[in-house]
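Protein chains in written order, with the working numbering: chain W, 21 to 149; chain C, 2 to 151.
Structure, as C-alpha cells:
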Amino acid sequence: MDGFSTPGFNVISPSTGFVPEHLGGLLRAIGTRQRIISHNVANVETPGYEAQEMDFKSVLQKVNNPLETRLAQKMGRTVMESDISSSGKPVDITHEFLAMQENQLAYSMAVRRITTVFSNLKNAAQVGR
Amino acid sequence: MSSLHDSFEIAASGVRAQSDRVRIHAHNMANIGTPYFKRTIPVLTEGGGVTFSDMISTIQRDGVLSMGIAASPSGVMMEGGVQDPTDGQKIYQPDHPQADKNGFVTLSNTEPMSEMAGATIASRMYEANLSVISVVKQMANKALEIGRGQ
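What follows is the structure, given as C-alpha cells:
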C-alpha cells in the first residue's frame with residue numbers, strides 16, 4: 021500500500037520555526053485520511069474488498085512528537101504504511117460518511133489554528149507601531 | 002495537498018465506474034426483447050485511478066514518467082463484465098426466423114427487476130462519490146483561507 025503514503029510535501033517550511041511543525045503534519049495526516057475514505061467509498065461495491073482504516077491516534081502522537089516528526093520529515097512522509105491497515109470487514113458507507121464529515125471539521129479546525137498563528141505573528145510584529 | 006488531489010481522482014474513478022455500470026444495465030435492458038441475448042454482469046475491481054502521487058512515486062522509482070503504471074491500486078474500475086450463461090425461457094414459435102430446428106426460440110435471460118435494482122444501486126453509488134468530491138472541494142477551498150482576513 022505504498023501509494024497511500026504521501027510524498028513529503030511540506031505545507032509550511034519547518035526551517036522558519038514560526039509555525040509549529042505539527043500543524044503542517046496534521047493537515048497532511050487529515051488529507052491522507054480523506055484519501056483512504058475516498059478509496060473505501062469508491063470500492064463500496066467491489067466484491068471481496070476490505071475497508072481500510074488509518075490509526076489516526078498513533079499518527080497524531082507521532083506528529084506531536086518533535087523528534088519523530090523530524091525523522092519522518094527526513095524520510096519524507098508523516099503517515100507510515102504501518103498506520104494504514106485493513107479492517108477485514110466490508111465497507112460500511114454510513115461509517116465512511118461520518119468519518120468524512122468529521123475529517124472535514126478537523127481540516128477546518130487545523131486551518132483556523134494556522135491562521136491564528138499567522139495573525140498572532142502579525143500582532144507581534146506590530147508591537148510599538 | 003497531494004492526498005486531497007488524490008481523493009479527487011479516486012472519487013472520479015468511482016463516478017466513472019458507476020456510469021460504466023449503468024451503461025451495462027442499460028444495454029441489458031435494451032436487449033430484453035432480443036432472442037438468444039445473454040445479459041452481462043458488471044464486475045468492479047480495485048484500482049484504475051492513476052493518482053498524482055502514484056506518478057510521483059513512479060518517477061522517484063524509475064526516473065521516468067510512464068503513464069498508467071500505478072504504484073498501488075487506487076480507486077475503482079469497471080473490468081468489463083461477465084456473461085450470465087443461464088438460458089432464457091424457451092418458447093415454441095416455429096414461424097419465427099430465429100427459431101431452432103425444433104421450432105423453439107430462446108428468449109433473452111435479462112431480468113428487468115434485477116437490472117433496475119442494479120441501476121438504482123449504481124446511481125446511489127454515483128451520488129456517494131459525487132458527495133465525496135464536494136467535501137474534498139470544500140476542504141481544498143478551506144486550505145486557501147490560510148492567512149486570509151489579515
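Beta carbons: idealized from backbone N, C-alpha and C, even for Gly.
These figures come from a predicted structure and were not determined experimentally.
| message | Spatial neighbours of Gln19(C) within its chain, please: C-beta separation below 6 angstroms, excluding the five flanking residues on both sides. | response | Ala123, Met126 and Tyr127
| field | Neighbouring residues, chain C, relative to Ile113(W) (Cβ below 7 angstroms) | value | Ala129
| field | Rounded C-alpha distance that separates Lys143(C) from Met129(W) | value | 10 angstroms
| Since Thr46(C) contacts His28(C) with CB under 8 angstroms, what's their CB separation in whole angstroms? | That belief does not hold up - the Cβ atoms of Thr46(C) and His28(C) are roughly 19 angstroms apart, past 8 angstroms.
| Apart from the five residues just before and just after Leu108(C), which ones in its own chain have a Cβ nearer than 7 angstroms to its Cβ? | Pro36, Gly89, Gln90 and Ile92
| Taking one C-beta from the region 104-122 of chain W and one from the region 73-80 of chain W each time, how about it: are there three or more such pairs within less than 8 angstroms? | yes
| request: Look up Glu47(C) in the DSSP assignment and give the residues it is bridged to. | output: Val77(C)
| message | Please list, in chain order, the chain W residues whose beta carbon lies closer than 9 angstroms to that of Ala27(C). | response | In chain order: nothing, as chain W lies at least about 17 angstroms away.
| request: Please determine, among Gly15(C), Asn103(C), Gly34(C) and Lys39(C), the residue with the shortest C-alpha to C-alpha distance to Thr87(C). | output: Lys39(C)
| Ala145(W) to Val137(W), Cα distance in whole Å? | 12 angstroms
| task | Give the DSSP-derived three-state secondary structure of Glu65(W) in the structure shown. | result | coil
| Taking the alpha-carbon positions, what's the His42(W) to Val137(C) distance? | 22 angstroms
| said: Given this structure, state the Cα-to-Cα distance separating Met30(C) from Gly119(C), to the nearest angstrom. | reply: 11 angstroms
| Are any of the Cβ atoms in chain C nearer than 8 angstroms to that of Ser58(W)? | yes
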